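S.K.: For the record, the sequence lines run as chains A and B. Once you know that position 56 of the first sequence is 75 in the numbering used here, the rest is easy, because the numbers rise by one and skip nothing. Once you know that position 75 of the second sequence is 94 in the numbering used here, the rest is easy, because the numbers rise by one and skip nothing. Don't be surprised by glycine CBs; every beta carbon is placed ideally from N, CA and C. Since we're looking at a predicted model, the values are computed, not measured. Shown below is the structure under consideration.
There are 2 protein chains.
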Amino acid sequence: MSHPKSAITKQRILDAAARAFSLNGYAGTTINDIAMTAGMQGGSIYYYFESKDDILQEVLDVGITRVFSAARLAIGSLPASSAFSEKLEAAVTAHLTMLLQQGDYTSANIRVFEQAPPAVKRQNRKLRTAYGEYWGQLLSEGQRSGEIRKNVDLTILRLMLLGSMNWAVTWYRSDRMPIPELALKFCEVVLKGVGLSDDQLENSSRGRRARS
Amino acid sequence: MSHPKSAITKQRILDAAARAFSLNGYAGTTINDIAMTAGMQGGSIYYYFESKDDILQEVLDVGITRVFSAARLAIGSLPASSAFSEKLEAAVTAHLTMLLQQGDYTSANIRVFEQAPPAVKRQNRKLRTAYGEYWGQLLSEGQRSGEIRKNVDLTILRLMLLGSMNWAVTWYRSDRMPIPELALKFCEVVLKGVGLSDDQLENSSRGRRARS
DNA sequence: CCTACCGATCGGTAGG
DNA sequence: CCTACCGATCGGTAGG
Numbered sequence: 020m021s022h023p024k025s026a027i028t029k030q031r032i033l034d035a036a037a038r039a040f041s042l043n044g045y046a047g048t049t050i051n052d053i054a055m056t057a058g059m060q061g062g063s064i065y066y067y068f069e070s071k072d073d074i075l076q077e078v079l080d081v082g083i084t085r086v087f088s089a090a091r092l093a094i095g096s097l098p099a100s101s102a103f104s105e106k107l108e109a110a111v112t113a114h115l116t117m118l119l120q121q122g123d124y125t126s127a128n129i130r131v132f133e134q135a136p137p138a139v140k141r142q143n144r145k146l147r148t149a150y151g152e153y154w155g156q157l158l159s160e161g162q163r164s165g166e167i168r169k170n171v172d173l174t175i176l177r178l179m180l181l182g183s184m185n186w187a188v189t190w191y192r193s194d195r196m197p198i199p200e201l202a203l204k205f206c207e208v209v210l211k212g213v214g215l216s217d218d219q220l221e222n223s224s225r226g227r228r229a230r231s
Numbered sequence: 020m021s022h023p024k025s026a027i028t029k030q031r032i033l034d035a036a037a038r039a040f041s042l043n044g045y046a047g048t049t050i051n052d053i054a055m056t057a058g059m060q061g062g063s064i065y066y067y068f069e070s071k072d073d074i075l076q077e078v079l080d081v082g083i084t085r086v087f088s089a090a091r092l093a094i095g096s097l098p099a100s101s102a103f104s105e106k107l108e109a110a111v112t113a114h115l116t117m118l119l120q121q122g123d124y125t126s127a128n129i130r131v132f133e134q135a136p137p138a139v140k141r142q143n144r145k146l147r148t149a150y151g152e153y154w155g156q157l158l159s160e161g162q163r164s165g166e167i168r169k170n171v172d173l174t175i176l177r178l179m180l181l182g183s184m185n186w187a188v189t190w191y192r193s194d195r196m197p198i199p200e201l202a203l204k205f206c207e208v209v210l211k212g213v214g215l216s217d218d219q220l221e222n223s224s225r226g227r228r229a230r231s
């Protein structure tokens, strides 16, 4: 049987935990909170998990795994000859979707990782590193193909991009803008910048420079 | 007297609380943790503060006030005729400095605001809104002066910029790059983008497009 | 999975 | 500011 009853119940507990961690933080979530939402008594949780840390570990690991898979799937569905900008847009859309609408597991990562016990962080960090390297490769490709300028610091770029996406979990409201549209705007800012091109700048700022 | 002893002690408690909240989250920080660091017994905290929420409120409010003042001071120190790009760099440097090296109060904001009790959030949000509007005005100026393209969505730009800065609290290590250098890179990415300009793109991608 | 409970710790208070 | 303590709650366990 691919879905024994106990596995389903375990899922229910993890779902409840992911949501609670994401809303109230780690220490702010009690075993009883999780148990109530999952429809059982507090003590019963320990039939499925060894400890509260154990639950947190699984929530965090599942969260990274899901966003990683979503990004890989999105890029993998594109024709191999796609431009970097298309791959970027696909990855940004996937990341934002997991974070903002699919994702108690992913948003729990954003919100409680820093407060997790050291052992939990250490394990989860392996997955995070792999995901970060995946983004690093994507950007490297873009630079090799010439679509990212040669003198751009890819580490900073990656951290800025992931940072601005992750922070969206604190302000995004689904009624104001659909995620694909948001993803497109993110990509435009990063790729084209918001300033004028150098020659446009040359003209418009001459007066101001002369004055100072 | 401008610094009565009790005010100094109160400061010591707030300093200890800001650091503890930033490291361990709100629920993860106990009154005793704070008291020990501040050099007193747990119960004594209540001679200075009404409740744990009260301490949190002050830490969060001070954090926003400080980063706001730092940004205003940095921009205010520039000649009035300064270009938008210079003002932006000054503000980014100020924000990052408060967040990454001066700032348990500011980083506590990043890390525990979401888990604060509703009443605390409500009050702190007023300061946050004012600070956000200050950034909005700065960007508006830049767009009016022509240094930001007319078709850029300033709300998204502001949220991306602040988001990528705030997220730096999770990865920045002072031994790898000084803050002014980091600030400059942030500004470059945002203003110039990382891609080629349109006409450069026109040439380099022609072959790729024909293939697909 | 539940019942019943433990040892520890928490935020907060009384009285000085 | 300290001492001494409260009521409540916490993560976790034993036994079924």
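How long is the line joining the alpha carbons of Met117 of chain A and Lys29 of chain B, rounded to whole angstroms?
M.R.: The residue you call residue 117 of chain A lines up with position 98 of the first sequence. The residue you call residue 29 of chain B lines up with position 10 of the second sequence. The alpha-carbon atoms of Met117 of chain A and Lys29 of chain B are separated by roughly 43 angstroms.
S.K.: Quick one: grab the DSSP three-state call for Gly61 of chain B.
M.R.: As a position in the second sequence, residue 61 of chain B is number 42, starting the count at 1. Looking at Gly61 of chain B - three-state DSSP - the assignment turns out to be helix.
S.K.: Which chain A residues sit within Cβ distance under 7 angstroms of Met179 of chain B?
M.R.: One-based indexing of the second sequence puts residue 179 of chain B at position 160. Simply Ser183, Phe205, Val208.
S.K.: Assess, as a yes-or-no matter, whether the region 101-111 of chain B is touched by the region 62-74 of chain B under the definition of 3 or more beta carbon pairs within less than 8 angstroms.
M.R.: no
S.K.: If you measure beta-carbon to beta-carbon, which residues of the region 117-141 of chain B are closer than 7 angstroms to chain A?
M.R.: Arg130, Glu133, Gln134
S.K.: In terms of residues, what are the limits of the alpha helix (DSSP H) holding Trp154 of chain A?
M.R.: Translated into positions along the first sequence, residue 154 of chain A becomes position 135. Following the DSSP letters along the chain, one finds Trp154 of chain A inside the alpha helix (DSSP H) bounded by residues 137-163.
S.K.: Is Ala149 of chain A closer than 9 angstroms to Phe87 of chain A when the C-beta atoms are compared?
M.R.: Start at 1 with the first residue of the first sequence, and residue 87 of chain A comes out as number 68. Start at 1 with the first residue of the first sequence, and residue 149 of chain A comes out as number 130. For Phe87 of chain A and Ala149 of chain A, yes; Cβs fall inside 9 angstroms.
S.K.: Just list the beta strand (DSSP E) runs in the region 57-104 of chain B, keeping only unbroken ones of 3 residues or longer that don't cross its boundaries, in chain order.
M.R.: none
S.K.: Look at the alpha carbon of Ala39 of chain A and the alpha carbon of Arg195 of chain B, and state the distance between them as a whole number of angstroms.
M.R.: The residue labelled residue 39 of chain A in the question sits at position 20 within the first sequence. The residue labelled residue 195 of chain B in the question sits at position 176 within the second sequence. Whole-angstrom Cα-Cα distance: 36 angstroms.
S.K.: With C-beta atoms as the reference, is Tyr124 of chain B less than 9 angstroms away from Ala37 of chain B?
M.R.: Residue mapping note: residue 124 of chain B aligns to position 105 of the second sequence, counting from 1. Residue mapping note: residue 37 of chain B aligns to position 18 of the second sequence, counting from 1. In contact: Tyr124 of chain B and Ala37 of chain B (Cβ atoms closer than 9 angstroms).
S.K.: Along the chain, where does the alpha helix (DSSP H) containing Lys211 of chain B start, and where does it finish?
M.R.: The count along the second sequence starts at 1 and reaches residue 211 of chain B at position 192. Here the alpha helix (DSSP H) through Lys211 of chain B covers 198-211.
S.K.: Could you tell me whether any Cβ in chain B is nearer than 9 angstroms to the Cβ of Ala187 of chain A?
M.R.: Here residue 187 of chain A refers to the residue found at position 168 of the first sequence. Proximity of Ala187 of chain A to chain B, defined by a Cβ-Cβ separation below 9 angstroms, is satisfied.
S.K.: So, with DSSP's three-state summary, where would you put Gly214 of chain A?
M.R.: Reading the first sequence from its first residue, position 195 is the one you call residue 214 of chain A. Strand.
S.K.: My assumption, with CB atoms under 8 angstroms, is that Glu133 of chain B sits in contact with Thr189 of chain A. Please give the rounded CB distance.
M.R.: On the second sequence, position 114 is the one that residue 133 of chain B refers to. On the first sequence, position 170 is the one that residue 189 of chain A refers to. About 7 angstroms; that satisfies the 8 angstroms criterion.
S.K.: By Cβ distance, which residues of its chain are closer than 7 angstroms to Arg147 of chain B, with the 5 residues on each side in sequence left out?
M.R.: Sequence index remark: in the second sequence, residue 147 of chain B carries index 128 (1-based). Cβ neighbours of Arg147 of chain B beyond the five flanking positions: Ile83.
S.K.: Would Ser216 of chain B pass as an interface residue toward chain A - the criterion being a Cβ-Cβ separation below 9 angstroms?
M.R.: For the purposes of this step, residue 216 of chain B is taken as the residue at position 197 of the second sequence. For Ser216 of chain B, the answer is yes, since a Cβ of chain A falls inside 9 angstroms of its Cβ.
S.K.: Is the region 166-182 of chain A touching the region 201-211 of chain B in the sense that three or more CB pairs, one from each, lie closer than 8 angstroms?
M.R.: yes
S.K.: From the DSSP secondary-structure annotation, give me the bridge partner or partners of Ile175 of chain B.
M.R.: The residue given as residue 175 of chain B occupies position 156 in the second sequence. Its beta-bridge partners do not exist; DSSP assigns none.
S.K.: Per DSSP, Ile129 of chain A is paired with what?
M.R.: Your numbering for residue 129 of chain A matches position 110 in the first sequence. Note: Ile129 of chain A sits in no beta bridge, so no partner.
S.K.: With a 10 Å radius around its C-beta and 16 neighbouring C-beta atoms as the bar for buried, classify Leu92 of chain B as buried or exposed.
M.R.: Residue numbering aside, residue 92 of chain B sits at position 73 when the second sequence is read from its first letter. So Leu92 of chain B ends up on the exposed side.
S.K.: Looking at the strands, I want to know which residues DSSP matches up with Ile167 of chain A.
M.R.: As a working note, residue 167 of chain A is residue 148 in the first sequence. DSSP, once it has assigned bridges, lists B:Gly214 as partnering Ile167 of chain A.
S.K.: What did DSSP end up calling Gln121 of chain A once you bin it into helix, strand or coil?
M.R.: In the first sequence, the residue the question calls residue 121 of chain A occupies position 102. Three-state DSSP puts Gln121 of chain A in coil, outside helix and strand.
S.K.: For chain B, check one thing: does any of its Cβ atoms lie closer than 9 angstroms to the Cβ of Gly85 of chain A?
M.R.: Within the first sequence, residue 85 of chain A is the residue found at index 66, counting from 1. Looking at the sequence provided, one finds Arg at residue 85 of chain A rather than Gly. No, its Cβ sits nowhere closer than 9 angstroms to a Cβ of chain B.
S.K.: Output, in sequence order along the chain, the residues in the region 98-111 of chain A whose CB is closer than 9 angstroms to any CB in chain B.
M.R.: Pro98, Ser100, Ser101, Ala102, Phe103, Ser104
S.K.: Going along the chain, which residues of its own chain have a beta-carbon closer than 6 angstroms to the beta-carbon of Arg31 of chain B, five neighbours each way excluded?
M.R.: Position 12 of the second sequence, counted from the start, is the residue given in the question as residue 31 of chain B. Cβ within range, chain order: Ala57.
S.K.: Whose Cβ in chain B lies nearer than 8 angstroms to the Cβ of Ile175 of chain A?
M.R.: Within the first sequence, the letter at position 156 stands for residue 175 of chain A. Ordered by position in chain B, the residues that pass the 8 angstroms Cβ test against Ile175 of chain A are Leu201, Lys204, Phe205, Val208.
S.K.: Would you please verify whether the beta carbon of Asn143 of chain A is less than 9 angstroms from any beta carbon of chain B?
M.R.: Locating residue 143 of chain A in the first sequence gives position 124, where the first residue counts as 1. Closer than 9 angstroms: no.
S.K.: Taking the alpha helix (DSSP H) that Ser193 of chain B falls in, what are its first and last residues?
M.R.: Here residue 193 of chain B is taken as the residue at index 174 of the second sequence, counted from 1. Run containing Ser193 of chain B: none; DSSP gives neither H nor E here.
S.K.: Nearest to Pro136 of chain B by alpha carbon, out of B:Ser41, B:Gln76, B:Ala54?
M.R.: Counting from 1 along the second sequence, the entry for residue 136 of chain B is found at position 117. Of the listed residues, the one whose Cα sits closest to Pro136 of chain B is B:Gln76.
S.K.: Measuring only between beta-carbons, confirm whether Tyr45 of chain B sits less than 9 angstroms from chain A.
M.R.: Position 26 of the second sequence, counted from the first residue, corresponds to residue 45 of chain B. Cβ-Cβ to chain A under 9 angstroms: yes for Tyr45 of chain B.
S.K.: Is there at least one Cβ from chain B nearer than 9 angstroms to Ala29 of chain A's Cβ?
M.R.: For this step, residue 29 of chain A is matched to residue 10 along the first sequence. According to the sequence provided, residue 29 of chain A is Lys. The question's Ala does not apply to it. Taking Cβ atoms only, chain B never reaches closer than 9 angstroms to Lys29 of chain A, which makes this a no.
S.K.: Please tell me whether Ile64 of chain A has its Cβ less than 9 angstroms away from any Cβ of chain B.
M.R.: Within the first sequence, residue 64 of chain A is the residue found at index 45, counting from 1. Cβ-Cβ to chain B under 9 angstroms: no for Ile64 of chain A.
S.K.: Within this structure, are the beta carbons of Ser183 of chain B and Met179 of chain A separated by less than 9 angstroms?
M.R.: For the purposes of this step, residue 183 of chain B is taken as residue 164 along the second sequence, with counting starting at 1. For the purposes of this step, residue 179 of chain A is taken as residue 160 along the first sequence, with counting starting at 1. Contact: yes.
S.K.: How many whole angstroms separate the CB atoms of Ser216 of chain B and Ser216 of chain A, which I take to be in contact at a CB cut-off of 8 angstroms?
M.R.: Within the second sequence, residue 216 of chain B is the residue found at index 197, counting from 1. Within the first sequence, residue 216 of chain A is the residue found at index 197, counting from 1. Correct: roughly 5 angstroms between the Cβ atoms.
S.K.: Quick one, are the C-beta atoms of Ala187 of chain A and Leu79 of chain A less than 9 angstroms apart?
M.R.: The residue given as residue 187 of chain A occupies position 168 in the first sequence. The residue given as residue 79 of chain A occupies position 60 in the first sequence. No. Outside cutoff.
S.K.: Helix, strand or coil for Gly182 of chain A per DSSP?
M.R.: Within the first sequence, the letter at position 163 stands for residue 182 of chain A. In the structure shown, Gly182 of chain A sits in a helix (DSSP, three-state: H, G or I).
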